[in-house]
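Chemist:
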Amino acid sequence: MLFTPITSVEKIDYSGLVYNLEVKDAHSYLTPSLALHNCGDLMWIYIKVKENRIEDIKFKTFGCGAAIATSSMITELAKGKTIEEALKITRQDVADALDGLPPIKMHCSNLAADGLKAAILDYMKKKGIKPPEGIKIESETDADTCNV
Numbered sequence: 642m643l644f645t646p647i648t649s650v651e652k653i654d655y656s657g658l659v660y661n662l663e664v665k666d667a668h669s670y671l672t673p674s675l676a677l678h679n680c681g682d683l684m685w686i687y688i689k690v691k692e693n694r695i696e697d698i699k700f701k702t703f704g705c706g707a708a709i710a711t712s713s714m715i716t717e718l719a720k721g722k723t724i725e726e727a728l729k730i731t732r733q734d735v736a737d738a739l740d741g742l743p744p745i746k747m748h749c750s751n752l753a754a755d756g757l758k759a760a761i762l763d764y765m766k767k768k769g770i771k772p773p774e775g776i777k778i779e780s781e782t783d784a785d786t787c788n789v
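Start counting at 1 in the sequence shown, then tack on 641, and there's your number in the numbering used here.
#1: Counting contacts by CB-CB distance shorter than 8 Å, is S712 in contact with chain B?
#2: Look up L728 in the DSSP assignment and say whether it is helix, strand or coil.
#3: Taking all protein chains shown into account, decide if I709 is buried (16 or more other Cβ within 10 angstroms of its Cβ) or exposed.
#4: L738 to M714, Cα distance in whole Å?
#5: Whose C-beta lies closer than 7 Å to the C-beta of M765 among residues of the same chain, with five residues either side of it excluded?
#6: I'd like the list of long-range same chain contacts for K722, defined as Cβ closer than 6 Å, with 5 residues on each side in sequence excluded.
#7: Could you check whether V735 and A759 sit closer than 8 Å to each other, using their CB atoms as the reference points?
#8: Counting along the chain, where does the beta strand (DSSP E) carrying T697 start and finish?
#9: Taking DSSP as the reference, what is the three-state secondary structure of I715?
#10: Can you give the beta carbon distance from I698 to I761, rounded, assuming they're within the 8 Å contact cut?
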């Protein structure tokens, strides 16, 4: 069988941004879930940092509605925060801000939160800033894979 039949449908109610943009001259990081999951979502997170604060953040996502919703939500959660505050945003924070996600779509919140951290760590590396102790991108597990 080339696809998994849908046995149930859960509605994700989200009315945030769905457009894809870039921040010109920003530090960006590609977070391809194709390498991390079996679903093929691709997410780019672009950040613009000014005076240690995320002045602007945009995304470009190719994926399902949950991937787009989590991409948009991570921009809402991170914009205006200091680098240190933004690094504390967790996968669960993203899902909670969307009033939860179906278990089969939780990997989307992982991708968004990890993409933000990766963009920040990339920014810090390029600027020669030492990241805070203990900050790392969480490893993926088999439970994170998308089967739909």
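Note that CB positions come from ideal geometry on N, CA and C, so glycine has one too.
Modeler: By the coordinates alone:
#1: Of the chains in the structure shown, none is chain B; there is only one protein chain.
#2: If DSSP states are grouped into helix, strand and coil, L728 belongs with the helices.
#3: Classification of I709: buried, given that the 10 Å Cβ count is 16 or more.
#4: At residue 738 the sequence reads Ala, which differs from the Leu that was named. If I take the Cα positions, the gap works out to 7 Å.
#5: Hits under 7 Å: P772.
#6: Result list for K722: I695, in chain order.
#7: In this structure, V735 does not lie closer than 8 Å to A759 by Cβ.
#8: It should be noted that the sequence gives Asp, not Thr, for residue 697. Here the beta strand (DSSP E) through D697 covers R694 to F703.
#9: The answer is helix: DSSP assigns I715 an H, G or I state.
#10: About 10 Å separates the two Cβ atoms, so there is no contact after all.
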